[in-house]
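Residue numbers (my numbering): 163 to 563. Glycine included, every Cβ here is placed at the ideal spot set by N, Cα and C. Quantities reported herein were computed from a predicted structural model and do not represent experimental measurements. For reference, the structure is listed below as structure tokens.
Pasting the structure below:
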């Protein structure tokens, strides 16, 4: 069946694949279809489990810490509510959407679509719903929130006694199930169950949907895709301008994100600021070097690499460069996938801030650097999604969609 590669725009005819087979684009080597480890039933079970477990994970106690006989417990939203009450509205909105609201929407919708495909149900808008659940894939972050909770718990229990509550265990399982859902989801099988692709039989101008890869006549440009409902365009409109503007805004915010404190800790009435580099140093000093390396990579290396990578892509399109196209395609894929993990540091703050609240002894609160950093992550992720990687290949692909 003929599909359009979402990364370079080349048209590919994919025959039925055997188990454990992998089909890559002959031009950019993008994995168009993967059979190994993919299962509709497994994805349905994991998505449904994630959706159900998110309810107790959000209402049952997440963690409890004690200090001199006093105890503090938190639920998953405690840190986000504390940020909102403290006036950090933008930070609370971003983390609340990424960590709590969007996971419910994504996995509830995905379970509905997979259940409908598995049992042969059909309803109007199933393609559009599946498209939205795929779009939410990078924005729903229970797995990133879980890592942030682990780091926060490790930092808190260096000086305090702590236990994980029932909500914490439910959240651990839900986050792991969310990762298994991503790993087992067979997108191509679901799309074909919604609307099957057709093999091209004549040489005519065509274009392909960048979400479901369905190839349609070029005369349908501007109309909704017959499978997923996305408005069909040869290329994303103003992709370079939008990606450049978002990347530039992220670059400007990188300075306050790294120079200003992420949190303030109050110890016996004295405020102690903590920047990103201070947090990394403390983790190494406490012997938690794996977490220190993780925070250094996700909070410093990846955001900077994303900005410079996007600049490289934009310059390549403007100069119509033919050099290193496959390398740039692979780098774009990594930037788009790894960008979400930069939120580990701000989720760490959401995890430990509500626990460090012992009046007169110790407390912790977010600072300006946390909001700036969360915006850097959001803007770089939005920039990679606004960019159209097929534009880098337009200089050399003759038959493209």
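Every unbroken stretch of the alpha helix (DSSP H) spanning 4 or more residues and falling wholly within the segment 335–359 is given here in chain order: 349–356. The C-alpha of residue 390 lies about 31 Å from the C-alpha of residue 308. In this structure, the beta-carbon distance from residue 550 to residue 393 does not fall below 7 Å.
Note that the C-beta distance between residue 512 and residue 324 is not below 7 Å.
Residue environment: residue 183 is assigned as exposed (fewer than 16 neighbouring CB atoms within 10 Å of its CB, all protein chains considered).
Uninterrupted alpha helix (DSSP H) stretches at least 4 residues long and entirely within the segment 268–298 occur at 288–297, given in chain order. Secondary structure note for residue 317: its alpha helix (DSSP H) is the uninterrupted segment 304–318. Burial check for residue 557: the Cβ neighbour count within 10 Å stays below 16, so the residue is exposed.
DSSP, read as helix, strand or coil, puts residue 446 in helix.
Going by DSSP, residue 461 is part of no beta strand (DSSP E) at all; its letter is neither H nor E. Secondary structure note for residue 432: its beta strand (DSSP E) is the uninterrupted segment 432–436.
Under the three-state reduction of DSSP output, residue 484 falls in the coil class, being neither helix nor strand.
At the C-beta level, residue 538 and residue 415 come within 7 Å of one another.
Take the alpha-carbon of residue 464 and the one of residue 261: they are about 20 Å apart. About 5 Å separates the beta carbons of residue 275 and residue 292, which is inside the 8 Å limit, making them a contact pair.
Of 381, 168, 206, the smallest CA-CA separation from residue 188 is found for 168.
For residue 184, the enclosing beta strand (DSSP E) has its first and last residue at 184–186. In this structure, the CA atom of residue 273 is about 23 Å from the CA atom of residue 376.
Partner residues in the beta bridge of residue 378, as assigned by DSSP, are 369. Taken through DSSP and simplified to helix, strand or coil, residue 194 comes out as strand.
Look at residue 239 here: in three-state DSSP terms it is coil, with no helix or strand label. Residue 405 is positioned such that its CB atom lies closer than 7 Å to that of residue 545.
Distance from residue 359 to residue 369 at the Cβ level is roughly 14 Å; contact not present, criterion being Cβ atoms closer than 8 Å. In the DSSP assignment, residue 257 falls within the unbroken alpha helix (DSSP H) covering 251–258. Here residue 498 is buried. Its C-beta has 16 or more other C-beta atoms within 10 Å. Comparing alpha carbon positions, the residue from 192, 353, 301 closest to residue 555 is 192. Here the alpha carbon of residue 454 sits roughly 38 Å from the alpha carbon of residue 483.
Per the coordinates, the alpha-carbon of residue 238 lies some 30 Å from the alpha-carbon of residue 290.
By the Cβ criterion, the segment 198–213 is in contact with the segment 338–347, since at least three pairs of Cβ atoms, one from each stretch, lie closer than 8 Å. Within the same chain, 379 come within 7 Å of residue 366 by CB-CB distance, once the 5 residues on both sides are set aside.
Residues of the same chain with a CB within less than 8 Å of the CB of residue 355, apart from the 5 flanking positions on each side, are 279 in chain order.
Under the three-state reduction of DSSP output, residue 172 falls in the strand class. Inclusion of residue 530 and residue 422 in the CB contact set at 7 Å is warranted, their separation being smaller than that value. For residue 406, the enclosing alpha helix (DSSP H) has its first and last residue at 401–421. Residue 331 and residue 525 have their alpha carbons spaced roughly 25 Å apart.
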